[in-house]
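Engineer:
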Amino acid sequence: MSGYDAVVVGAGPNGLAAAITVARAGLSVLVREAADAVGGGTRSAELTLPGFLHDVCSAVHPMAVASPFLRSLPLAEHGLELIHPPAPLAHPLDGGRAVVLERSLQAAVESLGQDGDAYRRLIGRTVEDWPLLDATLLGPILRVPRHPLALARFSRRALRPSASLASSAFRGEQARALFAGAAAHSVLPLEQLATASFGIVFLALAHACGWPVARGGSQQIAQALASHLRALGGEIETGSPVRTLEELPPARTILCDVGPRQLLALAGPRLPARYRRALERYRYGPGVFKLDYALDGPVPWNAPECGRAATVHVGGTLEEVAASERAPWQGRHAEHPFVLVAQPSLFDPTRAPKGKHTLWAYCHVPNGSSVDMTDRIERQIERFASGFSDLVLARSVTTSSDFELKDANIVGGDINGGAASLRQLIARPALRLVPYSTPVPDLYLCSASTPPGGGVHGMCGHLAARAALRRLGVRTAS
1 MSGYDAVVVG AGPNGLAAAI TVARAGLSVL VREAADAVGG GTRSAELTLP GFLHDVCSAV
61 HPMAVASPFL RSLPLAEHGL ELIHPPAPLA HPLDGGRAVV LERSLQAAVE SLGQDGDAYR
121 RLIGRTVEDW PLLDATLLGP ILRVPRHPLA LARFSRRALR PSASLASSAF RGEQARALFA
181 GAAAHSVLPL EQLATASFGI VFLALAHACG WPVARGGSQQ IAQALASHLR ALGGEIETGS
241 PVRTLEELPP ARTILCDVGP RQLLALAGPR LPARYRRALE RYRYGPGVFK LDYALDGPVP
301 WNAPECGRAA TVHVGGTLEE VAASERAPWQ GRHAEHPFVL VAQPSLFDPT RAPKGKHTLW
361 AYCHVPNGSS VDMTDRIERQ IERFASGFSD LVLARSVTTS SDFELKDANI VGGDINGGAA
421 SLRQLIARPA LRLVPYSTPV PDLYLCSAST PPGGGVHGMC GHLAARAALR RLGVRTAS
């Protein structure tokens, strides 16, 4: 028999997840990847100096341990080791203070003082309910939930704007700043409806699952997925770009780990006009400006306890974080940006030569921006880590426009595959009962531009592949 049961275009985490789902069903599958290595945004490289290993895009992976699909795979047998730092998250404030989010919910409650009980009420139930919520929240919104009561408890607060929820739920500056930093992962203005859901989920994941890094770099996640796929009989061709679907070998179904714009280019006239217009209307969010550092030592945080976390949210108070996240949606570059910082070499010695360290930092900017934010980011870090600049051995700069040049799926530097607005969480990328399907019966979209959106969780690919397999009449385990 010639051809394949399925061909997957793109070997990011979602493309690999789609292929693994097909291979686990006993079918033949080929993955075509334009780059010379698998991974998409989940790659690592020596971006600054020899011996300093940096994550090209994603660095810290709460969604990887939260994902029901990735948890079902024997990735440890294929070389993946996830490292959990003593604390998932730190958020420094002026005056040498910081709020450190402990892995234990009880310890977090105790550390927040006057806001401890409020934090337990807001976050604690989601921590308890996470085993009931994971498949629902990491999937399409338009479906009957398996655990409607748990979802109702979550939604009661999650559908609110994060800024107003933080102000009303907490009295102290520390808890408000902590919640704002977690909600800023939405890459939306914190005044928007449903941004509270991101704050609640990311804080709950810190307690329920942790915020780990991958030993040897994020590339190891992609390598483990690829290794598992090959063990199942799947094939991967790297350095093999696809310009049109006609270039693919015969297949019963095609799954594309690409964005809506790229699907339009690949599928061309196969797509009906109405669906093409829906894809053309799809909205991308702000981009990111990213810095990677080779350092002569660990970051000298004014609050030394920040060294217990791999992730540090650098941005100050709730009001400052909200102003920073509002700016790119207004076409502005924040003067005092909220900076997401990762310091994996504190916990993974494979990342840098002995005694040296790496640092990963980015802020949100208008989509497609080519503005250099280096000075603004370094002023923010120096504000909370006096003497930081003296440790810089080398830096690598990536603007939003650079990201798109390196990977066409990162449109304008939007690393989440499209804005995570409430509308686009429902209709992602278009309003369809099965969001992964297209009007072409054998063509599916499986990228972060489908539910549940951005993050290294593989659920977009897994759920798209299950939809494709159902149409082929192949039964799969839930």
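Per the working numbering, the very first residue in the sequence shown carries number 1; after that it's consecutive.
Each residue gets a CB set at the ideal place from its N, CA and C atoms; glycine is no exception.
Check whether the stretch 428 to 439 touches the stretch 460 to 478, taking contact to mean three or more Cβ pairs, one atom from each stretch, closer than 8 angstroms.
Structural biologist: With a cut-off of 8 angstroms, the stretch 460 to 478 and the stretch 428 to 439 count as touching, because enough Cβ pairs lie within range.
Engineer: Run through DSSP, which three-state label would Gly-181 get?
Structural biologist: Correct three-state label for Gly-181: helix.
Engineer: Do the CB positions of Ala-309 and Val-100 come within less than 8 angstroms of each other?
Structural biologist: Against a cut-off of 8 angstroms, the Cβ pair of Val-100 and Ala-309 comes out as a contact.
Engineer: Between Val-31 and Ile-236, how many whole angstroms is the CB-CB distance? I'm expecting something under 8 angstroms.
Structural biologist: The pair is a contact, with the Cβ atoms about 5 angstroms apart (cut-off 8 angstroms).
Engineer: Looking at C-alpha atoms only, which residue of Gly-39, Pro-74 and Arg-432 is the closest neighbour of Leu-232?
Structural biologist: Answer by Cα proximity: Pro-74.
Engineer: Taking the CB atoms as reference points, tell me whether Ala-59 and Leu-229 lie closer together than 8 angstroms.
Structural biologist: No, the pair does not count as a contact, with Cβ atoms beyond the cut-off.
Engineer: Thinking Arg-428 and Gly-453 are a contact (beta carbons under 8 angstroms), I'd like their distance in whole angstroms, please.
Structural biologist: Indeed, because the Cβ distance is near 7 angstroms, the residues count as touching under 8 angstroms.
Engineer: Determine the closest residue to His-281 out of Glu-378, Arg-423 and Pro-212, with distance taken between C-alpha atoms.
Structural biologist: Residue identity check: residue 281 is Arg in the sequence provided, not His. Checking every option, the nearest Cα to that of Arg-281 belongs to Arg-423.
Engineer: Taking CB distances under 8 angstroms as the criterion, tell me whether Asp-257 reaches chain B.
Structural biologist: No chain B appears in the structure shown, which is made up of a single protein chain.
Engineer: Which whole runs of the alpha helix (DSSP H) in the stretch 99 to 139 are 4 residues long or more, in chain order?
Structural biologist: The stretch 99 to 139 contains these whole alpha helix (DSSP H) runs: 105 to 111, 116 to 119 and 125 to 137.
Engineer: Should the stretch 344 to 362 be regarded as contacting the stretch 115 to 128, the criterion being three or more beta carbon pairs within less than 8 angstroms?
Structural biologist: No, because fewer than three Cβ pairs between the stretch 344 to 362 and the stretch 115 to 128 fall closer than 8 angstroms, the two stretches do not touch.
Engineer: For Thr-253, which three-state DSSP category applies?
Structural biologist: Correct three-state label for Thr-253: strand.
Engineer: Secondary structure at Arg-471, three-state DSSP: helix, strand or coil?
Structural biologist: Residue state, collapsed to three classes: helix.
Engineer: Which residue from Ala-334, Val-258 and Arg-261 puts its Cα closest to that of Val-288?
Structural biologist: The shortest C-alpha separation from Val-288 is found at Ala-334.
Engineer: Taking Tyr-444 as part of the beta strand (DSSP E), name the residues at either end of that continuous run.
Structural biologist: From DSSP, the beta strand (DSSP E) with Tyr-444 extends over 443 to 445.
Engineer: Going along the chain, which residues of its own chain have a beta-carbon closer than 6 angstroms to the beta-carbon of Leu-188, five neighbours each way excluded?
Structural biologist: Once the five neighbours on either side are set aside, the close Cβ partners of Leu-188 are Thr-195.
Engineer: Output the distance between the C-alpha atoms of Leu-279 and Ala-267, rounded to the nearest integer angstrom.
Structural biologist: Each residue's alpha carbon lies about 12 angstroms from the other.
Engineer: Between which two residues does the beta strand (DSSP E) carrying Asp-292 extend?
Structural biologist: Counting along the chain, the beta strand (DSSP E) containing Asp-292 begins and ends at 287 to 295.
Engineer: For Tyr-4 and Val-22, what's the separation of their Cα atoms in angstroms?
Structural biologist: The straight-line gap from Cα to Cα measures roughly 11 angstroms.
Engineer: As a quick exercise: from Pro-328, Leu-159 and Glu-247, pick the residue whose alpha carbon is nearest that of Ile-141.
Structural biologist: Out of Pro-328, Leu-159 and Glu-247, Leu-159 has the C-alpha closest to the C-alpha of Ile-141.
Engineer: How many angstroms separate the CA atom of Pro-451 from the CA atom of Gly-387?
Structural biologist: If you take the alpha carbons of Pro-451 and Gly-387, they lie about 43 angstroms apart.
Engineer: Please report the residue range of the beta strand (DSSP E) in which Tyr-362 lies.
Structural biologist: First-last of the beta strand (DSSP E) with Tyr-362: 357 to 365.
Engineer: What did DSSP end up calling Ala-278 once you bin it into helix, strand or coil?
Structural biologist: Three-state DSSP puts Ala-278 in a helix.
Engineer: Looking at the structure shown, is Val-411 part of a helix, part of a strand, or coil, going by DSSP?
Structural biologist: Here Val-411 sits in helix by DSSP.
Engineer: Where does the unbroken alpha helix (DSSP H) through Thr-195 begin, and where does it stop?
Structural biologist: Counting along the chain, the alpha helix (DSSP H) containing Thr-195 begins and ends at 195 to 208.
Engineer: Tell me Asp-55's beta-bridge partners as DSSP assigns them.
Structural biologist: BP columns for Asp-55 point to Ser-44.
Engineer: Once you ignore the five residues that flank Val-474 on each side, which residues in its own chain have a CB closer than 6 angstroms to its CB?
Structural biologist: Counting only Cβ-Cβ distances below 6 angstroms, and skipping sequence neighbours, we find Ala-25.
Engineer: Helix or strand or just coil, what does DSSP make of Ser-480?
Structural biologist: Because the chain spans 1 through 478 in this model, residue 480 falls outside it and cannot be assessed.
Engineer: Suppose the cutoff is 6 angstroms on Cβ atoms and the five residues either side in sequence are ignored; what does the same chain contact list for Ala-64 look like?
Structural biologist: Contacts found: Leu-70 and Val-456.
Engineer: Check the C-beta distance from Glu-46 over to Leu-190 and give it rounded, since I have them as a contact under 8 angstroms.
Structural biologist: About 36 angstroms; that fails the 8 angstroms criterion.
Engineer: Could you tell me the alpha carbon to alpha carbon distance between Ala-87 and Leu-295, rounded to whole angstroms?
Structural biologist: When rounded, the distance between both Cα atoms is 22 angstroms.
Engineer: In terms of residue numbering, what span does the beta strand (DSSP E) encompassing Val-7 cover?
Structural biologist: Val-7 -> beta strand (DSSP E) spans 4 to 9.
Engineer: Count the other CB atoms, across all protein chains shown, that sit within 10 Å of the CB of Ala-273; report buried if there are 16 or more and exposed otherwise.
Structural biologist: It counts as exposed.
Engineer: Measure the Cβ-Cβ separation of Pro-62 and Leu-205 and say whether it is below 8 angstroms.
Structural biologist: In this structure, Leu-205 lies closer than 8 angstroms to Pro-62 by Cβ.
Engineer: In this structure, does DSSP put His-91 in helix, strand or coil?
Structural biologist: DSSP places His-91 in strand when its eight states are reduced to three.
Engineer: Does the stretch 33 to 49 come close enough to the stretch 211 to 219 to have 3 or more Cβ pairs within less than 8 angstroms?
Structural biologist: In short, these stretches touch, since the Cβ pair count reaches three.
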